[in-house]
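What follows is one structure encoded as structure tokens, with my remarks underneath.
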Amino acid sequence: MIERKFMASNMREYMVEEFISGSLKGAEHSHTKLQRTPLGEKIVIYSSKPGLIVGRKGQNIKQLTRILKKKFNLENPQIEISEVQNFYLDANIVAERIVNYLEKFGTSKFKGIGHKTMSEVMNAGAMGIEILISGKIPSSRAKNWRFYQGYLKKCGDIALTGVKTAYATAKLKTGIIGVKVKIMPPGTKLPDNVELKAEKEEKIEEVKEGQKSAEAEETGKQEKESKEKEESENREK
3 MIERKFMASN MREYMVEEFI SGSLKGAEHS HTKLQRTPLG EKIVIYSSKP GLIVGRKGQN
63 IKQLTRILKK KFNLENPQIE ISEVQNFYLD ANIVAERIVN YLEKFGTSKF KGIGHKTMSE
123 VMNAGAMGIE ILISGKIPSS RAKNWRFYQG YLKKCGDIAL TGVKTAYATA KLKTGIIGVK
183 VKIMPPGTKL PDNVELKAEK EEKIEEVKEG QKSAEAEETG KQEKESKEKE ESENREK
């Protein structure tokens, strides 16, 4: 019973995310997080264009809330919008931007779109990027076009957890074009990148010989004066 409830809740969460992603096309939607709170379900939508999601006087948010209540039986969904700061490092947004460009300009400028997007992502600080565009481009036969720059892990744990991957499809007159984007964000820790800590150097101050002898003479004079003073005091007694 517990396993079935767990699977049912995860399935509903996945369906909510897919529905929101499909209904927010053109708003550069990144991803959605669903959190359960005592007051109801908290839905956080991440996007680079939060104004398009909110709509005029919050109409889009209100409409989306009503649909989620009715379609997925959510009791009290609370929708929050969070802005993505650097959307060039978000694979989902980059893939959606490529799809929008292809649907707007067609397949004749797909190479320029790929190279421009690749340079923008690298200028944003990414360690590496790979763009795959598949479909009837530019002829009637299906082909795969690959745009690659920087360093990108292809296997291992880093390829699964460190590399951000996204898929998107563009619907054109010639057919459906598939877009796949992989981005390795900056600061990704690689297991083969070993950093050696520098040892602390102890600074030894060198004292000049002249200064050393002057200090010795001064201490000798002070000792001599103190001895003479003691002898004079003893004589007076």
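The letter at position 102 of the sequence shown is residue 104 when you use the working numbering, and the numbering goes up by one with no holes.
Built from N, CA and C at the ideal position, the CB exists for glycine as well.
In terms of residues, what are the limits of the beta strand (DSSP E) holding residue i?
{"i": "V96", "result": "Premise fails: V96 lies in the alpha helix (DSSP H), 93–107, not in any beta strand (DSSP E)."}
{"i": "Q80", "result": "80–85"}
Tell me the DSSP secondary structure of residue i in three-state form.
{"i": "T67", "result": "helix"}
{"i": "K73", "result": "helix"}
{"i": "G42", "result": "strand"}
{"i": "A29", "result": "coil"}
{"i": "E15", "result": "helix"}
{"i": "Q61", "result": "helix"}
{"i": "T176", "result": "coil"}
{"i": "K7", "result": "helix"}
{"i": "T221", "result": "helix"}
Out of the options, point me to the one whose CA is closest to residue i's CA.
{"i": "S49", "options": "E30, G57, Q37, V56", "result": "E30"}
{"i": "K27", "options": "Q37, G42, I47, P40", "result": "I47"}
{"i": "V86", "options": "E132, P40, H33", "result": "H33"}
{"i": "K138", "options": "S11, V165, E132, V181", "result": "V181"}
{"i": "N62", "options": "K44, S121, I81", "result": "I81"}
{"i": "F107", "options": "A172, E227, E132, L198", "result": "A172"}
{"i": "K109", "options": "S142, S228, G127", "result": "Note that residue 109 is Thr in the sequence shown here, rather than Lys. Closest by alpha carbon: S142."}
{"i": "V183", "options": "A144, E197, H117", "result": "H117"}
{"i": "P73", "options": "E19, K7, P187, G53", "result": "The displayed chain sequence assigns Lys, not Pro, to residue 73. Nearest option by C-alpha distance: E19."}
{"i": "Y169", "options": "P52, I179, T163", "result": "I179"}
{"i": "L162", "options": "L54, L36, T190, F89", "result": "T190"}
{"i": "V56", "options": "E232, S25, G42", "result": "S25"}
{"i": "G177", "options": "P193, E197, A144, N195", "result": "A144"}
{"i": "G127", "options": "S11, P187, S84", "result": "P187"}
{"i": "R38", "options": "I22, K59, M17, S11", "result": "S11"}
{"i": "L174", "options": "A200, N75, D194, P140", "result": "P140"}
Below 8 Å on the Cβ atoms is my contact criterion, and I expect residue i with residue j to pass it. Report the Cβ-Cβ distance as a whole number of Å.
{"i": "P79", "j": "L70", "result": "5 Å"}
{"i": "R99", "j": "T67", "result": "Not quite, the Cβ-Cβ distance comes to about 27 Å (not below 8 Å), so this is no contact."}
{"i": "G152", "j": "G130", "result": "3 Å"}
{"i": "N146", "j": "S136", "result": "5 Å"}
{"i": "A93", "j": "K155", "result": "Not quite, the Cβ-Cβ distance comes to about 14 Å (not below 8 Å), so this is no contact."}
{"i": "E149", "j": "I133", "result": "The question names Glu, yet the displayed sequence has Phe at residue 149. With 8 Å as the limit, F149 and I133 qualify as a contact, their Cβ atoms being about 4 Å apart."}
{"i": "I115", "j": "L104", "result": "7 Å"}
{"i": "E77", "j": "G42", "result": "5 Å"}
{"i": "I45", "j": "L36", "result": "6 Å"}
{"i": "V241", "j": "I185", "result": "With the chain covering 3 to 239 only, the question about residue 241 has no answer from this structure."}
{"i": "L198", "j": "I160", "result": "No, L198 and I160 are not in contact; Cβ-Cβ is about 21 Å, not under 8 Å."}
From which residue to which residue does the alpha helix (DSSP H) around residue i run?
{"i": "G53", "result": "52–56"}
Examine the ligand COA and report whether any of its heavy atoms sits within less than 8 Å of the Cβ of residue i.
{"i": "V86", "result": "The ligand COA is absent from the structure shown, which contains no ligands of any kind."}
*Whole alpha helix (DSSP H) runs in the stretch 110–163 with 4 or more residues, listed along the chain?*
112–125
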